[in-house]
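Chains as they are written, first to last, in the numbering used here: chain A, 147 to 308; chain B, 2 to 554.
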């Protein structure tokens, strides 16, 4: 059964590490739904958050193949219930004066912020769990989306790992 | 001491025990070659005709000795010519360190003359690779390369070194060879559970591969097999680990394995897979493979577990250490009924017919095995001759059958034979090739002549690309698209042109005479054997098939 899995990969903070991980995924035909990379509080380590889809065997393979990379310090799947998953959305909407208040109403309900306004358009920013972003897009999609961009998921486990 | 990068390379090679390297000079490695001139008494450099040949030679050196092979090439085309050799080593888990020069750091990224991003190119075919941009890091990176190549599942590591780094100077502190960490043993309970499964099995079979060779586990494996009377079969990479004359050795499994072997896997209730990876040449149909059996997988690489075939239990670590820990828990057994069934199947095994009129491939290989002896190293190329060699080479020692198992690299054999002969000057080295494979890298004849390497090359010439043609015969209704190149190569004359001797034979008697003479002369020679182009590798199970789909004629 195909499922989505969010993987957190801690890697050495070197140039070329992302290429190595991406190359592994490309070579083995793993499907990447989203991928984010960022620095951590340790300057030697970067965190790659990858959302992949596949059945359990594929996901186990992805984990063990990625773990084999020389620059991988740790890799683990993030459990939905025990993790915080966040994504940032920027969406530019066609918004003349007549539509603005309606868009603002939707934005308020979702806790989104209007971060730019022009005569004909506005840009709305929303941070939240990917499902919340999907839901927001479902509603805001009623309006005319000019451009949009999602960062992909970044995530952390809650609490302190024992 | 203050040394240049090039001198540091030489020092670290010596420190890591790499006193023989294979390579080809060029602009970006001039500093390194200049240093090698200085170190020529301590490091032997073998120059091949082509960098690909050098990479296969370093690989053959490693496969035949267990040491790490080292190959050196210049930037750009020199580096890209290594790619096939690196990929070959990667697929067969051979420890290899590939050193490439690159243009100076100020020229990198500018599409400079002979510049390629070889680290990017080789990322998917190396265990790891490095670009050294600072001479102060060079020694440690090189040591890391040797460590990674030999740690866990072995494999190739590439180190790319810009020209200015080889010229820059830094303090060098000598160290000893890197210490290779031994993997931990699995939990004792897991080993005991696996031993219990083995003790309780009625129809167990061991299926082993190159991991047994890498681990040096042949003796303990033989002990296990003989203690519990468990029939064993092997992949092409496991050839030679258990002698052919051992009644418990069922021979090769898979696409061109024996009927009995594949039948035994099919009917077994326990498959103990050791140092092997269920490739598509063995587990042709992953869902039907050993479908009545529980599978215990013993391997050093956790990512191999349940990759192709679901394992019911696994033991991760050095296979030799695991088998040694398990052996005292294995109860002696007879498995009489199971072995009797197997013996009965063996009467149905495919047996090729001998001929005294024409040369038949199995007779060529059997004659080589008999005359060259057990101590000889056989290196092959890829294709029909490779399978015939695997089926009939009768090796009794590991590291004595060198072949490109995973990548299937035509052109591998001559280079590998050169590496093996350099590493084992006192052993016979026979290179078995086909006319198709040999055309790819026969240029290495000049290396064989230059270094006076008495390698006997046996060219099994059917004038066609035999294996592809065999598939065209069986699966494409005899539409022989581009497999009959109509080449007019006179191998004996080509040999002469390179400065070695060549002879062409047509009958078993002629071959035996020529091969006996070649052994006596102990000089480089090509023996061309003309065989019928319709000779097939049999038996054969089609890709995705099972033992029930076996083709025997």
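The beta carbon of each residue, even a glycine, is placed where N, CA and C say it ideally should be.
- The beta carbon of residue 26 (chain B) lies closer than 8 Å to those of 34, 48 and 75 in the same chain, with the five residues before and after it left out.
- Within the stretch 210-232 of chain A, those residues whose Cβ lies closer than 7 Å to any Cβ of chain B are, in chain order, 210, 211, 214 and 216.
- If you draw a straight line from the Cα of residue 276 (chain A) to the Cα of residue 194 (chain A), it is about 17 Å long.
- When C-beta distances to chain A are compared with 7 Å, the residues of the stretch 300-315 of chain B below that value are 303, 304, 307 and 308, in chain order.
- Per DSSP, residue 432 (chain B) lies in no alpha helix (DSSP H); the unbroken beta strand (DSSP E) holding it starts and ends at 430-435.
- Taking C-beta atoms under 8 Å as the contact rule, residue 156 (chain B) and residue 91 (chain B) qualify, at a distance of about 5 Å.
- A residue is called buried when at least 16 other Cβ atoms come within 10 angstroms of its Cβ; residue 173 (chain A) does not meet this threshold and is exposed.
- Look at residue 57 (chain B): its C-beta is not under 8 Å from any C-beta on chain A.
- Of the candidates B:212, B:67 and B:121, the residue whose Cα lies closest to the Cα of residue 169 (chain A) is B:121.
- Here residue 306 (chain A) is exposed: its Cβ has fewer than 16 other Cβ atoms, across all protein chains shown, within 10 Å.
- For residue 121 (chain B), the closest Cβ of chain A is nearer than 8 Å.
- Taking a C-beta cut-off of 7 Å against chain A, the contacting residues of the stretch 130-153 of chain B are 149, listed in chain order.
- Exclusion of the five residues before and after residue 469 (chain B) leaves 484 as the residues of its chain whose Cβ lies within less than 7 Å of its Cβ.
- Within the stretch 396-479 of chain B, the complete alpha helix (DSSP H) segments of 4 residues or longer fall at 413-424, 436-442, 446-451 and 467-476, listed in chain order.
- Annotated three-state conformation of residue 301 (chain B) is coil, per DSSP.
- A direct Cα-Cα distance of roughly 35 Å separates residue 129 (chain B) from residue 450 (chain B).
- Taking a contact to require three or more Cβ pairs closer than 8 Å, the stretch 247-267 of chain B and the stretch 215-233 of chain B qualify as touching.
- Using a Cβ distance threshold of 8 Å, residue 151 (chain B) and residue 69 (chain B) count as a contacting pair.
- Residues 463, 464 and 465 of the same chain have their beta carbon placed closer than 6 Å to that of residue 534 (chain B), with the five preceding and five following residues left out of the count.
- Straight through space, the alpha carbons of residue 544 (chain B) and residue 281 (chain B) are spaced by roughly 8 Å.
- In terms of CA proximity to residue 244 (chain A), A:265 leads the group A:201, A:265 and A:235.
- Within the same chain, Cβ atoms closer than 8 Å to the Cβ of residue 294 (chain A) are found at 235, 236, 237, 238 and 283, the five residues on either side in sequence being excluded.
- Judged by their CB atoms, residue 10 (chain B) and residue 159 (chain B) are not nearer to each other than the 8 Å cut-off.
- The shortest C-alpha to C-alpha distance from residue 323 (chain B) to any of B:472, B:196 and B:525 is the one to B:196.
- About 6 Å separates the Cβ atoms of residue 389 (chain B) and residue 538 (chain B), confirming a contact at the 8 Å cut-off.
- Contact residues of the stretch 179-211 of chain A toward chain B are 203, 206, 207, 210 and 211 (C-beta to C-beta distance below 8 Å).
- In this structure, the CA atom of residue 349 (chain B) is about 30 Å from the CA atom of residue 507 (chain B).
- Under the Cβ distance rule, residue 173 (chain A) counts among the residues neighbouring chain B, one pair being separated by less than 8 Å.
- The DSSP assignment places complete beta strand (DSSP E) segments of no fewer than 3 residues inside the stretch 179-238 of chain A at 191-200 and 218-224, in order along the chain.
- Using a Cβ-Cβ cut-off of 8 Å, residue 166 (chain A) counts as an interface residue toward chain B, since at least one Cβ of chain B sits closer than that to its own.
- Between residue 416 (chain B) and residue 467 (chain B), the C-beta spacing is not below 8 Å.
- One finds 162, 165, 166, 169, 170 and 173 in chain A with Cβ atoms closer than 9 Å to the Cβ of residue 124 (chain B), taken in chain order.
- In this structure, the beta-carbon distance from residue 460 (chain B) to residue 492 (chain B) falls below 8 Å.
- Separation of residue 432 (chain B) and residue 210 (chain A) (C-alpha to C-alpha, rounded to the nearest whole angstrom) is 38 Å.
- About 18 Å separates the beta carbons of residue 115 (chain B) and residue 133 (chain B), which is beyond the 8 Å limit, so they are not a contact pair.
- For the 8 Å CB-CB criterion, residue 272 (chain A) and residue 256 (chain A) form a contact.
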